[in-house]
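Below is one structure; the comments refer to it alone.
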Amino acid sequence: MKSVCLLFQIHQPFRHRRYRFFDIGADHYYYDDYTNDAVLTGIAAKSYLPANQLLLKLADKLGDKLKISFSVSGVALDQFEMYAPEVIESFQQLAKTCCVEFIGETYSHSLASLKSNAIFREQVQLHNNKIFSLFGQKPRVFRNTEMIYSDLIGVQVAEMGFDGMVTEGAKQVLGWKSPGFLYVNAINPRLKVLMRNYKLSDDIAFRFSNKRWAEYPLTADKYLKWLRNLPEQDEVVNLFLSYEAFGERHAKESGIFTFLEVFLEKIAQSTEFELSTPSKVIKDLQPVSAVSVPHPISWADEERDLTAWLGNEMQKEAYEKLYSLSDKIVECTDNSLMKDWNCLQLSDHFFYMSTKVSTDGEVHKHFNPFGSPYEAFINYMNVLSDFILRLNRHTSPGNETEELKKRLAEKELKIKELEDNLLMLKKSQSNKTRK
Numbered sequence: 000m001k002s003v004c005l006l007f008q009i010h011q012p013f014r015h016r017r018y019r020f021f022d023i024g025a026d027h028y029y030y031d032d033y034t035n036d037a038v039l040t041g042i043a044a045k046s047y048l049p050a051n052q053l054l055l056k057l058a059d060k061l062g063d064k065l066k067i068s069f070s071v072s073g074v075a076l077d078q079f080e081m082y083a084p085e086v087i088e089s090f091q092q093l094a095k096t097c098c099v100e101f102i103g104e105t106y107s108h109s110l111a112s113l114k115s116n117a118i119f120r121e122q123v124q125l126h127n128n129k130i131f132s133l134f135g136q137k138p139r140v141f142r143n144t145e146m147i148y149s150d151l152i153g154v155q156v157a158e159m160g161f162d163g164m165v166t167e168g169a170k171q172v173l174g175w176k177s178p179g180f181l182y183v184n185a186i187n188p189r190l191k192v193l194m195r196n197y198k199l200s201d202d203i204a205f206r207f208s209n210k211r212w213a214e215y216p217l218t219a220d221k222y223l224k225w226l227r228n229l230p231e232q233d234e235v236v237n238l239f240l241s242y243e244a245f246g247e248r249h250a251k252e253s254g255i256f257t258f259l260e261v262f263l264e265k266i267a268q269s270t271e272f273e274l275s276t277p278s279k280v281i282k283d284l285q286p287v288s289a290v291s292v293p294h295p296i297s298w299a300d301e302e303r304d305l306t307a308w309l310g311n312e313m314q315k316e317a318y319e320k321l322y323s324l325s326d327k328i329v330e331c332t333d334n335s336l337m338k339d340w341n342c343l344q345l346s347d348h349f350f351y352m353s354t355k356v357s358t359d360g361e362v363h364k365h366f367n368p369f370g371s372p373y374e375a376f377i378n379y380m381n382v383l384s385d386f387i388l389r390l391n392r393h394t395s396p397g398n399e400t401e402e403l404k405k406r407l408a409e410k411e412l413k414i415k416e417l418e419d420n421l422l423m424l425k426k427s428q429s430n431k432t433r434k
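Following this line, the structure appears as structure tokens:
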């Protein structure tokens with residue numbers, strides 16, 4: 000019997016106010032509360048709440064045959080608490096059914112795993128604490144931001160005590176191998192690795208309501224037929240996708256909720272498949288081999304690499320400047336600064352700066368709230384510059400005083416120059432008058 004592992008992810012980025020031109024050092028509140036509220040409550044009404052209600056109904060109907068997993072970032076949970084607490088309550092109801100597993104993430108949906116082991120660990124611990132406080136679960140399996148994975152990242156995750164990690168079943172990694180098996184990290188085989196079947200996942204996530212798609216319309220029976228046509232030796236089908244696919248990317252009128260309900264019921268009643276969670280797959284299956292990933296992969300774009308976030312000089316400059324603050328952040332005890340630090344780490348900020356072209360470029364343009372990647376870069380760097388000033392004041396008050404003295408001296412020198420120029424101008428005019 001094949002396991003079907005269905006994992007939904009939610010990260011919901013904070014929207015920053017537009018700061019193309021502003022007085023750095025004077026305005027320290029960076030968030031567009033109106034937009035954040037409107038966007039989140041809108042998506043919650045169309046997607047999260049009806050989808051959760053459907054899963055609650057199925058949990059009551061199917062009992063322990065229903066198994067679903069969620070990866071929800073800490074910043075998304077923060078926004079739910081601020082703008083849509085009913086979403087938190089519905090997830091808590093799901094947690095009580097024992098049909099749902101919450102897996103680990105970075106708190107800020109950040110790229111910290113690529114830069115700083117210390118910041119990465121802190122992000123993961125913050126997220127673990129948040130999940131436990133809200134849902135009473137301690138995550139045993141980890142999903143990195145945008146499913147970014149490498150052998151070395153896997154080692155860090157294993158050292159944090161996780162049993163397994165989910166990532167993309169990228170062709171450049173698997174080659175002829177199938178994502179339908181359980182693998183292990185190439186350096187530390189204690190960490191199990193589940194690989195996403197991106198074709199079957201994206202058929203639901205992106206193509207479901209596309210009327211130009213050759214397979215439109217997609218029904219539960221057709222999808223089950225595709226699952227049955229997978230290689231007989233495959234042991235697991237890993238379907239990992241964004242939860243917004245249900246009701247937001249594909250409207251209710253497309254039939255997406257009906258598809259999900261019928262599909263889950265048919266899987267639960269099947270003798271060929273069983274719904275499973277990542278931790279259950281790790282417990283039930285034996286790994287077939289190690290998977291070697293020397294260079295980081297992700298689930299983004301055709302390349303399945305990091306170029307969606309770190310593909311141009313703007314992105315790299317912003318990324319390096321952000322994480323150059325790592326040492327100072329360790330000294331920070333201000334809650335307001337730490338909240339801003341977490342939000343500044345969101346991978347979406349770097350995604351908005353992408354200048355990719357071709358088919359991938361259309362995706363980046365579609366999801367970019369800014370007029371251009373250059374506007375996104377200017378906005379981010381202005382906010383970051385203001386944040387650095389505040390952080391310096393907090394962590395090095397003496398240095399801040401010296402900096403203020405230096406600026407004051409420069410201004411006094413400038414005033415003296417202006418006064419001298421004005422005096423020379425007056426003398427010149429006086430001489431002309433005498434003549």
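Following numbering that gives the first Met the number 0, the residues of the sequence shown are numbered contiguously, the last one being 434. The beta carbon of each residue, even a glycine, is placed where N, CA and C say it ideally should be. All of these numbers come straight from a predicted model, not from anything done at the bench.
Continuous beta strand (DSSP E) stretch holding residue i: start and end
i      : result
Arg195 : Lys191 to Arg195
Val235 : Val235 to Ser241
Tyr182 : Leu181 to Asn184
Selection from the options that minimises the alpha carbon distance to residue i
i      : options                           : result
Gln171 : Leu309, Asp32 and Met194          : Met194
Gln344 : Leu173, Ile328, Thr332 and Glu312 : Ile328
Lys282 : Glu312, Tyr182 and Leu336         : Tyr182
Trp308 : Val154, Phe350 and Ile9           : Phe350
Ser346 : Val156, Phe134, Lys1 and Leu321   : Leu321
Leu263 : Tyr47, Phe180, Asp32 and Gly62    : Gly62
Gly168 : Asp201, Trp225 and Val86          : Asp201
Tyr379 : Glu231, Asn334 and Lys315         : Lys315
Val290 : Cys331, Pro216, Asn51 and Leu190  : Leu190
Ala244 : Tyr148, Ile203, Phe131 and Pro230 : Ile203
Ser46  : Arg303, Glu252 and Tyr318         : Glu252
Tyr222 : Glu234, Phe207 and Met313         : Phe207
Pro384 : Lys1, Tyr197, Tyr28 and Phe90     : At residue 384 the sequence reads Ser, which differs from the Pro that was named. Nearest C-alpha to Ser384: Tyr28.
Gln78  : Leu173, Glu104 and Thr40          : Thr40
Residue i - DSSP class collapsed to helix/strand/coil
i      : result
Lys114 : coil
Gln124 : helix
Arg303 : coil
Phe7   : strand
His249 : strand
Tyr215 : coil
Tyr47  : helix
Tyr30  : strand
Gln232 : coil
Ser208 : coil
Asn367 : coil
Tyr222 : helix
Ser89  : helix
Thr354 : coil
Gly153 : helix
Ser132 : helix
Ser200 : helix
Gly62  : helix
Residues near residue i in its chain [Cβ-Cβ closer than 7 angstroms; skip 5 each side]
i      : result
Asp36  : Tyr82
Gly73  : Tyr106, Ser107, Leu125, His126 and Lys129
Phe21  : Bear in mind that a pLDDT of 46 at Phe21, under 50, signals an unreliable position, so the number given afterwards is only what the model happens to contain. Taken in chain order, the residues that qualify are Asn381.
Ala75  : Ile9, His10 and Gln11
Gly360 : In this predicted model, Gly360 has a pLDDT of only 47, less than 50, meaning its place in the structure is not dependable enough to derive any value.
Met159 : Arg120 and Val123
Alpha helix (DSSP H) segment containing residue i, residue limits
i      : result
Gly103 : Premise fails: Gly103 is in no alpha helix (DSSP H) and is neither H nor E.
Arg392 : Pro372 to Thr394
Cys342 : Asn334 to Leu343
Met81  : Gly73 to Tyr82
Leu321 : Glu312 to Tyr322
Lys282 : Pro277 to Asp283
Val329 : Ser325 to Glu330
Residues that DSSP places opposite residue i in a beta bridge
i      : result
Lys1   : Phe272
Gln171 : Bridge partners of Gln171: none, in fact.
His438 : Coverage of the chain is limited to positions 0 through 434, which leaves residue 438 absent and any answer about it impossible.
Gly163 : Val140 and Lys191
Ile67  : Val99
Ser288 : Tyr182
Ser109 : Leu345
Tyr148 : Ile296
Cβ shell of residue i (< 6 angstroms), same chain only, five flanking positions each side left out
i     : result
Ala58 : Leu65, Thr96 and Cys98
Contacting residues, own chain, Cβ-Cβ under 8 angstroms from residue i (five flanking each side not counted)
i      : result
Thr135 : The sequence shown places Gly at residue 135, rather than the Thr named in the question. Closer than 8 angstroms at the Cβ level, and outside the excluded window around Gly135, lie Ala94.
Gln92  : Asn51 and Leu55
Val154 : Asn184, Ile186, Asn187 and Leu190
His249 : Phe207, Ser208 and Ile255
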